[in-house]
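Chains as they are written, first to last, in the working numbering: chain A, 64 to 312; chain B, 64 to 312. Using N, Cα and C, we set each Cβ at its ideal position, and we do this for glycine too. None of the values given here were measured: they were computed from a predicted structure. Heads up: the structure comes next, in structure tokens.
2 protein chains.
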Amino acid sequence: MAQMNNVTPLFKDMAKLEHDHRVACQECSLYRLCLPLGLHNEDLAQLDKIIQRSQSHKRGEALFTTEHAFKSLYVVRSGSFKTTISATNGRDQVTGFYFPGEFIGLDALYQESYQSNAKALETSSVCELPFDSLQELGKGMPQLQIQLLSRLSKELLGDKSLMLLLGKKTADEKLATFLLSFSKRFSDRGFSATEFHLTMSRGDIANHLGLAVETVSRVFSRFQEEGLITILGKGIVLRDIAKIKGLCG
Amino acid sequence: MAQMNNVTPLFKDMAKLEHDHRVACQECSLYRLCLPLGLHNEDLAQLDKIIQRSQSHKRGEALFTTEHAFKSLYVVRSGSFKTTISATNGRDQVTGFYFPGEFIGLDALYQESYQSNAKALETSSVCELPFDSLQELGKGMPQLQIQLLSRLSKELLGDKSLMLLLGKKTADEKLATFLLSFSKRFSDRGFSATEFHLTMSRGDIANHLGLAVETVSRVFSRFQEEGLITILGKGIVLRDIAKIKGLCG
DNA sequence: TAATCACATTGATCTCGGTCAATAAAACGG
DNA sequence: CCGTTTTATTGACCGAGATCAATGTGATTA
């Protein structure tokens with residue numbers, strides 16, 4: 064990854080990547096993971112024009128909540144976010160974690176109102192895609208529409224496999240699956256597949272996987288005793304990926 | 064609903080609706096729930112041309128599996144379907160139940176290959192939308208694209224709330240939520256909101272909600288003792304919707 | 001640098017819902 | 001219509017993971 068400097072990845076938050084806010088899609092290192100994939104140069108230039116590159120959001124800051132009026136979709140540019148939905152009684156569910164190149168807000172399209180809350184897990188930035196402009200642009204750009212559909216469909220896939228995880232997997236399997244999914248996403252972004260930072264709290268992980276915080280701690284500790292991983296606070300080193308794969312179910 | 068005859072709904076499968084296979088979108092009773100919503104007459108006529116109205120699928124028959132080559136999206140025309148995904152070890156998860164007007168196969172778009180299996184729960188029929196034609200048609204019909212996005216987004220919403228259910232809800236809350244969701248979907252289709260048939264087995268329900276069959280049986284029985292519902296095999300009568308709502312969490 | 005606070009770990013105990021087992025009741029095929 | 005198979009119900013028991021509680025550790029502010 065172009066922006067990756069030479070500090071060891073383990074102690075390096077993705078947020079600290081100096082991903083220049085003004086870099087256009089054409090020169091963006093996320094290009095091959097991102098929406099513009101497959102667009103011609105002219106189309107890409109047009110898309111580029113409607114994108115608003117916002118300044119960064121601090122840790123804990125909301126990108127949007129269900130209270131905000133729906134206006135835009137977002138693509139993570141640097142850092143990471145979590146999304147949550149709330150039950151009537153205050154309980155809430157962490158529905159996803161989002162990394163550079165990934166879309167946030169797609170579940171708002173149906174009712175054109177945000178149905179979830181998105182919060183930065185670290186200092187992060189996004190590309191903002193005003194939905195009106197995007198829709199307008201899409202009318203003359205079938206390839207863009209197809210990309211959008213493809214993105215939605217990808218999120219659908221992720222959700223289905225999370226259903227399987229939540230409905231059928233044990234605590235060990237859930238955490239093994241979680242670790243591998245992160246390993247994959249980090250390595251897709253040019254980072255180490257075996258050493259990375261978890262930017263979210265144990266509580267967020269637990270919530271997302273349908274577990275108690277204590278269970279996450281215990282399983283992580285046991286994985287460490289068994290030589291599968293090494294834990295350094297929020298840093299994780301995967302020591303035996305093959306064995307972890309075997310635990311995923 | 065136009066096709067609904069005068070047999071009491073409780074003992075009447077939706078499959079038995081005589082939903083004529085050849086009826087065009089314009090005259091279809093599902094119009095307002097279905098894809099064509101918002102299309103102009105000319106556009107609708109064009110869409111109508113690419114739709115293949117297949118003959119019916121018997122109970123247990125696959126609409127598609129992950130082994131089949133991806134070709135089409137489907138909209139349920141009559142009856143009902145379930146979709147499943149499989150873990151490596153043979154366990155599988157029922158990811159959804161689908162009723163008339165609802166899309167099946169949207170999670171195939173990303174990789175243009177079916178990522179789940181769809182099976183008829185009763186004698187059912189579908190409208191088949193060959194994806195190539197749909198995509199071609201979409202190029203000149205922005206409204207169709209928007210409808211498609213909207214459909215995907217709606218499914219996303221459903222998946223997120225199922226995550227909440229699977230991750231955070233108790234067995235009672237899960238089943239109360241399940242019953243209300245069906246009540247809503249049946250009444251949206253012109254059926255009784257309080258009396259309906261569950262076309263799927265207890266096993267399917269249990270699997271979908273992340274429970275054991277025995278738990279589903281027990282909770283249903285207890286709900287009946289408490290006067291919330293009446294069970295007549297696969298038939299369900301909701302006796303106290305307000306109280307059931309209160310149990311959803 | 002200490003004080004505060006949020007987050008993480010570890011242990012002890014409890015409970016919801018799973019598993020095992022035994023009928024019962026539908027659905028199905030001949 | 002009957003015998004067989006599948007699906008559903010009910011009971012007894014058990015265990016994975018939740019909850020409760022105490023302690024440790026790392027961040028943030030002054």
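Which residues mark the beginning and the end of the beta strand (DSSP E) in which residue i is found?
| i | result |
| --- | --- |
| residue 201(B) | It is not in any beta strand (DSSP E) - residue 201(B) instead sits in the alpha helix (DSSP H) that spans 194 to 202. |
| residue 179(A) | Element bounds for residue 179(A): n/a, residue is neither H nor E. |
| residue 159(A) | 155 to 161 |
| residue 298(B) | 298 to 301 |
| residue 292(A) | 292 to 295 |
| residue 258(B) | 258 to 260 |
Can you pull the chain B residues whose beta carbon is under 7 Å from the beta carbon of residue i, in chain order?
| i | result |
| --- | --- |
| residue 193(A) | Ordered by position in chain B, no residue passes the 7 Å Cβ test against residue 193(A), which lies about 15 Å from the chain. |
| residue 218(A) | 219 |
If I follow the unbroken alpha helix (DSSP H) through residue i, where does it start and stop?
| i | result |
| --- | --- |
| residue 210(B) | 205 to 231 |
| residue 271(B) | 265 to 272 |
| residue 125(B) | Element bounds for residue 125(B): not the alpha helix (DSSP H) but the beta strand (DSSP E), 125 to 127. |
| residue 279(A) | 276 to 288 |
| residue 250(A) | 234 to 251 |
| residue 308(A) | 304 to 309 |
Show which residues of chain B have a CB atom less than 8 Å away from the CB atom of residue i.
| i | result |
| --- | --- |
| residue 209(A) | 198 |
How would you list, in chain order, the residues of chain B whose beta-carbon sits under 9 Å from the beta-carbon of residue i?
| i | result |
| --- | --- |
| residue 104(A) | Residues of chain B passing the Cβ test: none, with the nearest at roughly 20 Å. |
Mind listing the chain A neighbours of residue i? Cutoff is C-beta to C-beta under 9 Å, in chain order.
| i | result |
| --- | --- |
| residue 289(B) | Within chain A, no residue comes near residue 289(B); the closest Cβ sits about 20 Å away, beyond 9 Å. |
| residue 273(B) | 226, 229, 230, 231, 273 |
Could you name the residues that DSSP lists as bridge partners for residue i?
| i | result |
| --- | --- |
| residue 139(A) | 189(A) |
| residue 120(A) | 187(A) |
| residue 107(A) | In the DSSP output, where bridge partners are listed per residue, residue 107(A) has none listed. |
| residue 144(A) | 161(A), 183(A) |
| residue 167(A) | 137(A) |
| residue 149(A) | 155(A) |
| residue 115(B) | 191(B) |
Mind listing the chain A neighbours of residue i? Cutoff is C-beta to C-beta under 7 Å, in chain order.
| i | result |
| --- | --- |
| residue 150(B) | 227, 231, 312 |
| residue 173(B) | 213, 216, 217, 220 |
| residue 201(B) | 205, 208 |
| residue 169(B) | 216, 219 |
| residue 156(B) | 226, 227, 230, 231 |
Along chain A, which residues have their Cβ under 8 Å away from the Cβ of residue i?
| i | result |
| --- | --- |
| residue 178(B) | 220, 223 |
Please indicate yes or no: does the CB of residue i lie closer than 7 Å to some heavy atom of the ligand COA?
| i | result |
| --- | --- |
| residue 133(A) | Absent from the structure shown: the ligand COA. Ligands present: none. |
Quiz prompt | the segment 234 to 249 of chain B touching the segment 265 to 283 of chain B, judged by at least three CB pairs closer than 8 Å | solution = yes
Self-check item: Cβ pair count under 8 Å reaching 3, the segment 146 to 154 of chain A against the segment 183 to 200 of chain A
Solution: no
Quiz item: For the segment 207 to 224 of chain A against the segment 157 to 172 of chain B, are there 3 or more C-beta pairs whose distance is under 8 Å?
Solution: By the C-beta criterion, the segment 207 to 224 of chain A is judged to be in contact with the segment 157 to 172 of chain B, since at least 3 inter-stretch pairs fall below 8 Å.
Self-check item: Given 8 Å, three or more beta-carbon pairs between the segment 123 to 141 of chain B and the segment 241 to 250 of chain B
Solution: no
Quiz item: Are the segment 195 to 204 of chain A and the segment 95 to 113 of chain A touching by the rule of at least three beta carbon pairs closer than 8 Å?
Solution: yes
Quiz item: Would you call the segment 82 to 102 of chain A and the segment 151 to 158 of chain A touching, i.e. three or more CB-CB distances under 8 Å?
Solution: no
Quiz prompt | At least three beta-carbon pairs within less than 8 Å, the segment 290 to 306 of chain B to the segment 252 to 262 of chain B | solution = yes
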